[in-house]
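Trainee: The following block contains the structure, expressed as structure tokens.
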Amino acid sequence: MKSLRIKNILFPIVFSFAFISCGEPIKNRSVISLNGTWEITESVDTLLPNTYGSKIEVPGLVNMAEPQFDSTGTPNSKRKYFWYRKYVETNYDKNEFTYLKIHKAKFGQAVYVNGSFVGEYNYCFTPSFFEIGKYLISGSSNEIVIRIGASYKALPDTIPFGYDVEKSIYYPGIYDNVEIFSGSYPYIKNVQIVPDINRSKIKSIVYLENGIYENNSELNYIIKEKKSGENIAQGSIPGNQLSPNQKDTVTFEAQIPGCKLWSPEEPFLYELIVNSNGDTKKSVFGMREFTFDPQTKLAMLNGKPYYLRGTNIALHRFFEDSQRGNLPWDKSWVDKVHYEFKDMHWNTYRFHVGFAPEQWYEASDEIGFLVQDEYAIWGIWSDSEKKRHKASVIAKEYEAWIEERWNHPSVVIWDAQNETVSKETGKAIGMVRHLDLSNRPWENGYSAPENINDVIESHPYMFVKENQNTFAIQPPWRFDSSKVKEALPEGGWLKNELSISPELFNDANDKDPSPNGKDYPNPYLINEYGWIWLYRNGDPAWVAEEVWKYYPQFNTPEKRFEWRARVIAAKTEYWRSRRDISGVLHFCSITCDRPFGIRSQVSDDLLNVKDFELQPAFKKYVKPAFAPIGIMIKKWDAKFKRGEKIKVPIVLYNDLYKNWEGKVTLKIISGGNIITSKTKSAKVESLKSCEIVFNETIPNKLGNYEMIAEFILNNETVFSSRLFEVTK
């Protein structure tokens, strides 16, 4: 007799160690990576090519082909498509399903197997799945062909392709993994794992698809520690009869003995292996919960307040960089990036205007970072872009994004878009939010937040707001040499800006204000600030070059690098010391640097791209500004009169879960010599800030000086520095 279909019912776990160890062998899914060398050619039509004259590594971008193609990355009449070809030996006669998975490719995909058209997929930032089993010839060499658009113009206007006002070149390519996997039904399409850290349990939702024959939904599972491989739990879930082609969902809970939580400080990972009667799926997860507290406005990691400190990765801009090569797909380089971030005291980063290849998320899981994952919409500059991308279209890729990333413990914020005012992204969020049962918060660019627990991005580039002008200039940031003196306030720009204790701006409150005119009550995250970018050669970056003209004294790359570092450090100290902002993310660590031709608008702070070395001045001043316990000289005067008696407030702010007590030293230095040095005791409580005040007398000798406040934390000197001039 046919059983009733049971869907979305929570089954108790039936532990059956003997069954798993002594019963039928667990049937494994076969997975074959197609990464590596492919053939590639170009065309203006959609006819399958006969010849392929170049080779290319997958994953990568088309400008990596050998021999190279001309003028890739910009639309032209020479081509409309690129074609990738690879031959694969198969022996799939016993398998009931075989899928080709293309993790990410631009711009659009069409798949052919042994000359037959299989299907197509237009989205650029999420994976595609093609059932290719019926096209394969078992025991033979099979031709796999993937056609992609040669430019974004190959896509329908409705499809987001990653428009970015700061990009000039849009390279196409299969820029993430490609694989074939096969097995027997019931096919485990996906598994969603929802940690419950209070009960040391996980809830697992298994999405099943049956084939053409009746089957049973019985499941077995094993939970392992990922690093050690030690089995910590296993069991079986009672099954129900599955009708032909039936889709079903099975939900179960499992205990995690000796549960270890995941955090950036201790990124402990587990692996869940689920088996149906014919398929196996492995999923890596961490015992981690993340949300924002609407009362404190802070991030909550595993039930505790957690301040976000970090940076940005604009990887799709870096794809244009002349030094990029294969670095984004080199695991050793990706790991090196993450370890350098660790050394900067960063625990968080945002993928800016587009997602990264899968191995970046694996690295953030394993090495320990929180990720704000930003979808590739930036439409603030173009009404036509906002009109094109409709909620129904966006939501389809949002859905694929969530389903691909929902088990990554590192991914904690779904970022719908960047700096865009659009009703469509908000609608799309509402259409997909329910899919993520971990209920991660969303961020909606410059548009109104959709939920009280969602976070708002703020980009306080101070000089773009009236009455908060760093440089007394407004867009389009044009230099007027006759106004240099009046543009720079007597006390210096730091005093002019920071002494007034500026509030956040350049966010949804400004761009998409609430109907009642009040600020949104949501938490806030600063994920851009600073401006004054420099190219890696030390020249002012395009959008900031007018600013640098107000500072002719910084007439060498070395002087400009140091000044930029000091500016970023001072602003970091200020925003972090407030304690009411959930996080501060520097902009940015990886992007395109092009100081020639069609120049990149901004740049990063890299000295050596291949070895991923940050500029020495940047690391010297900005690293201590991001220390888990930070320090700020709350005085920003650029000039003092000789012999003047002043009070110097020093603010300590603590991101840690323990109090700190120790000695703070304030020094005045000139020419490498210590002129004065005073020490005071200080105590700052966990997650709080405190202020101590030094009474100081300015030296009588005219000249340039440096004021440094410092203390020792874990054998590292954490300091804040201010330059000033002594005048008559």
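Counting from 622, one number per residue, gives the positions in the sequence shown under my numbering. Glycine is no exception: its CB is placed at the ideal position from the N, C-alpha and C atoms.
Roughly how many angstroms lie between the CA atoms of Ser759 and Phe802, to the nearest whole one?
Mentor: 14 Å
Trainee: Which first and last residues belong to the beta strand (DSSP E) in which Asn649 is found?
Mentor: Segment: none, Asn649 is in no beta strand (DSSP E) and carries neither H nor E.
Trainee: Using alpha carbons as the reference points, say which of Val871, Leu1146, Trp1154 and Lys845 lies closest to Cys1209.
Mentor: Trp1154
Trainee: For the beta strand (DSSP E) containing Lys824, name the first residue and the last one.
Mentor: Lys822 to Glu830
Trainee: Under 7 Å Cβ to Cβ from Glu1306, same chain only, skipping five residues before and after it: list those, please.
Mentor: Asn1275 and Asn1280
Trainee: Using the beta-carbon count (16 or more within 10 Å), is Pro1142 buried or exposed?
Mentor: exposed
Trainee: Do you know how far the Cα of Glu800 is from the Cα of Val652?
Mentor: 7 Å
Trainee: Given Gln993, which residues of its chain have a CB within under 6 Å of its CB, disregarding the five upstream and five downstream residues?
Mentor: Arg971, Ile1034 and Asp1036
Trainee: Give me, in chain order, the residues of the same chain whose beta-carbon lies closer than 6 Å to that of Thr1338; leave out the 5 immediate sequence neighbours on both sides.
Mentor: Excluding sequence positions up to five before and after Thr1338, its CB lies within less than 6 Å of the CB of Glu1331, all in the same chain and listed in chain order.
Trainee: To the nearest angstrom, how far is the alpha carbon of Ile1133 from that of Gln980?
Mentor: Sequence check: residue 1133 is Asp here, not Ile. About 36 Å.
Trainee: List the whole-angstrom C-beta distance separating Ile988 from Lys963, where the pair is believed to meet the contact cut-off of C-beta under 8 Å.
Mentor: 7 Å
Trainee: For the stretch 896-903 against the stretch 832-850, are there 3 or more C-beta pairs whose distance is under 8 Å?
Mentor: yes
Trainee: With the cut-off set at 8 Å, would you say Gly770 and Leu776 are in Cβ contact?
Mentor: yes
Trainee: Would you report the Cα separation of Leu948 and Val1230, rounded to the nearest angstrom?
Mentor: 9 Å
Trainee: Between the stretch 1298-1314 and the stretch 1258-1266, can you find at least three pairs of beta-carbon atoms closer than 8 Å?
Mentor: no
Trainee: Name the two residues that bound the continuous alpha helix (DSSP H) containing Lys593.
Mentor: This structure gives no information on residue 593, because the portion of the chain shown stretches from 622 to 1349.
Trainee: Return yes when the Cβ of Val1014 is within less than 8 Å of the Cβ of Thr779, no when it is not.
Mentor: Their beta carbons are under 8 Å apart, which means Thr779 touches Val1014 by this criterion.
Trainee: Where does Val1205 land, buried or exposed, given buried means 16+ other C-beta within 10 angstroms?
Mentor: buried
Trainee: Can you tell me whether Arg1295 is buried or exposed, with buried defined as 16 or more other CB within 10 angstroms of its CB?
Mentor: Here the sequence assigns Ile to residue 1295, which means Arg is not the residue at that position. With fewer than 16 other Cβ atoms within 10 Å, it is exposed.
Trainee: What residue ranges within the stretch 1241-1323 form continuous beta strand (DSSP E) runs of no fewer than 3 residues, ordered along the chain?
Mentor: 1250-1254, 1260-1262, 1266-1275, 1281-1291, 1294-1305 and 1310-1318
Trainee: Let me know if Tyr744 comes out buried or exposed under the rule of 16 or more other beta-carbons within 10 Å of its beta-carbon.
Mentor: buried
Trainee: What residue range is occupied by the uninterrupted beta strand (DSSP E) comprising Met1052?
Mentor: Not the beta strand (DSSP E): Met1052 falls in the alpha helix (DSSP H), residues Lys1044 to Val1053.
Trainee: At 4 residues or longer, what runs of the alpha helix (DSSP H) sit wholly inside the stretch 804-873?
Mentor: none
Trainee: Just to confirm the assignment: which complete beta strand (DSSP E) runs, minimum length 3, are found wholly within the stretch 1180-1240?
Mentor: Taking only runs of at least 3 residues, the beta strand (DSSP E) segments lying wholly in the stretch 1180-1240 are 1204-1206 and 1227-1229.
Trainee: Spatial neighbours of Tyr927 within its chain, please: CB distance less than 6 Å, with the 5 preceding and 5 following residues excluded, ordered by chain position.
Mentor: Ala920
Trainee: Could you check the C-alpha separation between Leu655 and Arg706 for me, to the nearest Å?
Mentor: Here the C-alpha atom of Leu655 lies approximately 11 Å from the C-alpha atom of Arg706.
Trainee: Can you tell which of Lys715, Thr912 and Phe746 has its C-alpha closest to the C-alpha of Leu991?
Mentor: Thr912
Trainee: According to DSSP, simplified to helix, strand and coil, what is Arg938?
Mentor: helix
Trainee: Just list the residues that DSSP pairs Ile765 with in beta bridges.
Mentor: Lys707 and Val734
Trainee: Helix or strand or just coil, what does DSSP make of Val679?
Mentor: strand
Trainee: Using only alpha-carbon positions, find the residue among Arg1157, Lys774 and Asn716 that is nearest to Tyr806.
Mentor: Checked all of Arg1157, Lys774 and Asn716; the closest Cα to Tyr806 is Asn716.
Trainee: Relative to the C-alpha of Asn923, which residue among Arg1215, Leu1125 and Tyr1278 is closest?
Mentor: Tyr1278
Trainee: Compare the C-beta of Leu1206 with all C-beta atoms of chain C and state if any pair is closer than 8 Å.
Mentor: Among the chains of the structure shown, chain C does not appear; only one protein chain is present.
Trainee: So, for Gln876: in the same chain, excluding its five sequence neighbours on each side, which residues have a beta-carbon less than 7 Å away from its beta-carbon?
Mentor: Ser821, Lys822 and Ala854
Trainee: Nearest-angstrom Cα distance between Asn1321 and Thr932?
Mentor: 41 Å
Trainee: Work out the CA separation of Ile1189 and Glu752 for me, nearest whole Å.
Mentor: 51 Å
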